[in-house]
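I have placed the structure first, in the form of structure tokens, so that the comments after it can refer back to it.
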Ligand SMILES: *Cc1c(COP(=O)(O)O)cnc(C)c1O
């Protein structure tokens, strides 16, 4: 028998969540954002599972885009931060990668490039995030230079919201007003909405949206929005109890003795640790499911193991199934106990954790399709 830790990926839930993004924004096209290995879910598998629904994908690096091509994905792929060096424009032109342009050097490199054909360019406007992009005056000049270069086609204007996940509208409205004014002046189609804006800010739905985290069923609005309650978790991270300890009052458990028993305590040792991507910041009291019942982490997370309190679950023992997050346990709740967000937990899953794909698309989606694939009964 092999180690019981696994990530089960429900591709029907992924499709459901993508379709929800489309349903909420019926007049937009939605890029499926599958950067960072589809937020830890496997980019090629997720792209294959969405191939008949999504018109295009979005990633952060050209290596991620090329991996999709190697996986047989022929859709346009948006490079959300554009190129990192000038030579990437050759590959972009060759492979139909659409490039964000956020910096003067990217523009100058494109003007200087000798390319087999024009590149679809998305001008990145800094409407208030103050991370990447041009101000309005620069964006006007960028558009003119792109047009004059003959190296760009299908120009779009994109911006990223700093506060779309907060339900206080002031700063969001400020960014919206800035980008709408500029788009009207430049007569360019827009791409604005990330997941929270897709869910909560219909006015931001434009020619294209860019939902990411919501596709994986994690709610960026933490239940504050009705639509987000329809999201389904895609990844279930689960393992099993591999040993049980009876701990007397006053005895510690694990590194640094952080947890100390205040009653006679049964501890279940679970095969999952920070070497798998489970966050070591998880506090005592972090929720876990054992045989479908909720209990808590007790003691610091180790590299390969973690410990849970099963005192109140007398039936639980070696072999009991443990859900770390996913079906029946929202990843957001675990993230809150780790002082982080769902994004870091999901993207943090390490290659040691085997992924199992389920759903109607599982056979086509699985990069290891020649090996046995479990499908939902
Ligand atoms: C990652 C990313 C997104 C997706 O954001 P979510 O909050 O995951 O929906 C959208 N746009 C850009 C530019 C990004 O980098």
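Residue numbers (this note's numbering): 78 to 454.
Quick reminder that beta carbons are idealized off the backbone N, C-alpha and C, glycines included.
{"Asked": "Where do the N-terminal and C-terminal ends of the beta strand (DSSP E) with residue 345 fall, by residue?", "Found": "342-347"}
{"Asked": "Between which two residues does the alpha helix (DSSP H) holding residue 364 run?", "Found": "Note, residue 364: premise wrong, no alpha helix (DSSP H); beta strand (DSSP E) at 364-367."}
{"Asked": "Starting from the N-terminal side, write out each stretch of the beta strand (DSSP E) that is 3 residues or longer and does not extend beyond the stretch 397-426.", "Found": "398-402"}
{"Asked": "Looking at residue 404: is its Cβ nearer than 8 Å to the Cβ of residue 310?", "Found": "yes"}
{"Asked": "Would you check whether ligand 1 has a heavy atom nearer than 7 Å to the C-beta of residue 207?", "Found": "no"}
{"Asked": "Relative to the C-alpha of residue 230, which residue among 99, 195 and 303 is closest?", "Found": "195"}
{"Asked": "Count the other CB atoms within 10 Å of the CB of residue 272; is the residue buried (16 or more) or exposed (fewer)?", "Found": "buried"}
{"Asked": "Drop a sphere of 10 angstroms on the beta-carbon of residue 387, count the other beta-carbons inside from all chains shown, and report buried for 16 or more, exposed for fewer.", "Found": "buried"}
{"Asked": "Tell me whether the beta-carbon of residue 430 lies closer than 8 Å to the beta-carbon of residue 82.", "Found": "yes"}
{"Asked": "Would you say the beta carbon of residue 180 comes nearer than 7 Å to a heavy atom of ligand 1?", "Found": "no"}
{"Asked": "If you drop the 5 nearest sequence neighbours on each side, which residues of the same chain put their C-beta closer than 7 Å to that of residue 296?", "Found": "305, 308 and 409"}
{"Asked": "Considering only DSSP beta bridges, list what residue 316 is partnered with.", "Found": "399"}
{"Asked": "Residue 442: buried (16+ other C-beta within 10 angstroms of its C-beta) or exposed?", "Found": "buried"}
{"Asked": "Identify the continuous beta strand (DSSP E) that holds residue 278 and give its terminal residues.", "Found": "Premise fails: residue 278 is in no beta strand (DSSP E) and is neither H nor E."}
{"Asked": "Rounded to a whole number of angstroms, what is the C-alpha to C-alpha distance between residue 136 and residue 258?", "Found": "28 Å"}
{"Asked": "Kindly indicate which three-state DSSP category residue 290 falls into: helix, strand or coil?", "Found": "helix"}
{"Asked": "Assess contact between the stretch 99-117 and the stretch 317-332, defined as three or more Cβ pairs (one per stretch) separated by less than 8 Å. Is contact present?", "Found": "no"}
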